[in-house]
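Visitor: Structure in structure tokens, see below.
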Amino acid sequence: MTRACCNAIVHLNPYGQDAVRLAVALANNRPTTVADLVTRCAAAGLVIDMPVGDRDLTEALELVDQWCRIVDAPDEVQRAELVNGLLAAASAYPRLTNHEGSGWHLHYRDDGVPLAAVLRALVGVGTALHLAGRGMSRLGRCALADCATVYVDTSRGGRQRYCSPGCANRDAVRRHRALHAPNGHPGPRTGGLT
Numbered sequence: 001m002t003r004a005c006c007n008a009i010v011h012l013n014p015y016g017q018d019a020v021r022l023a024v025a026l027a028n029n030r031p032t033t034v035a036d037l038v039t040r041c042a043a044a045g046l047v048i049d050m051p052v053g054d055r056d057l058t059e060a061l062e063l064v065d066q067w068c069r070i071v072d073a074p075d076e077v078q079r080a081e082l083v084n085g086l087l088a089a090a091s092a093y094p095r096l097t098n099h100e101g102s103g104w105h106l107h108y109r110d111d112g113v114p115l116a117a118v119l120r121a122l123v124g125v126g127t128a129l130h131l132a133g134r135g136m137s138r139l140g141r142c143a144l145a146d147c148a149t150v151y152v153d154t155s156r157g158g159r160q161r162y163c164s165p166g167c168a169n170r171d172a173v174r175r176h177r178a179l180h181a182p183n184g185h186p187g188p189r190t191g192g193l194t
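Each residue of the sequence shown is one higher than the one before, counting from 1 in the UniProt record's numbering.
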């Protein structure tokens, strides 16, 4: 297996799905240390061959906050404006490269830029590719009232509303109980047979 130089996330997935999944993972479980950030980025396929410092964690968390505003945008126009802002703040213009004989691919950074700048470019481009390719509504937060987990909709039909099957099931049970309870109020839970 040939290891990609810098951005296996986008090199292997031209629709940005992996970069967006990394953004979701960082949004739902924010890294607390630089080492945690590096480990999670590497596990997602990003080759860490750039400078990494303490400032990268702060800037990565700021990026996650900015990206969550994209998720929470109330309409497509605002979502597009926020994505464009993220792209404008990226570290460099994309360019084709074949360095280290890894094959021609898009490189989203200048050499020597820190990890947070690379993340900003990858997440920005990945999000733009995902939304343009799959649909502008393909990011969201779980529809379960007591869950605010972010999800990326990669479903075939594009109708995902929950972060997981577990949350979808809990909401279905809640709706079923509300529908079948006397006076529309769920009764007390009982265990076992009566």
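All C-beta atoms in this analysis are idealised placements derived from N, C-alpha and C, irrespective of residue type, glycine included. None of the values given here were measured: they were computed from a predicted structure.
Which value, in whole angstroms, describes the spacing of the CA atoms of residue 181 and residue 146?
Guide: 21 Å
Visitor: Reducing DSSP to helix, strand and coil, say where residue 139 ends up.
Guide: strand
Visitor: Of all the alpha helix (DSSP H) runs that stay within the bounds of the region 17-103, which reach a length of 4 or more residues?
Guide: Within the region 17-103, the complete alpha helix (DSSP H) runs of at least 4 residues are 17-28, 34-43, 54-71 and 76-88.
Visitor: Given residue 17, which residues of its chain have a CB within under 8 Å of its CB, disregarding the five upstream and five downstream residues?
Guide: 126, 130, 152 and 154
Visitor: Check each candidate in 94, 135, 72 and 171 and name the one with the smallest Cα separation from residue 120.
Guide: 94
Visitor: Use the C-beta contact count for residue 21: other C-beta atoms within 10 angstroms, 16 or more gives buried, fewer gives exposed.
Guide: By the neighbour-count rule (16 or more Cβ atoms within 10 Å), residue 21 is buried.
Visitor: Is it a yes or a no for the region 49-62 touching the region 164-171, going by three-plus beta-carbon pairs under 8 Å?
Guide: no
Visitor: In this structure, how does DSSP classify residue 106 when only helix, strand and coil are distinguished?
Guide: The answer is strand: DSSP assigns residue 106 an E or B state.
Visitor: By Cβ distance below 6 Å, which residues in the same chain neighbour residue 149 in space, the five residues on each side in sequence not counted?
Guide: Setting aside the 5 residues that flank it on each side, residue 149 is surrounded in the same chain by 28, 142 and 163, each with a C-beta closer than 6 Å to its C-beta; the list follows chain order.
Visitor: Taking the alpha carbon of residue 41 as the reference point, which residue from 140, 115 and 137 has its own alpha carbon closest?
Guide: 115
Visitor: Tell me which residues share the same chain as residue 72 and place their Cβ nearer than 8 Å to its Cβ, disregarding the 5 neighbours each side in the sequence.
Guide: 141
Visitor: Of all the options 87, 173, 83 and 48, which has the alpha carbon lying nearest to the alpha carbon of residue 136?
Guide: 83
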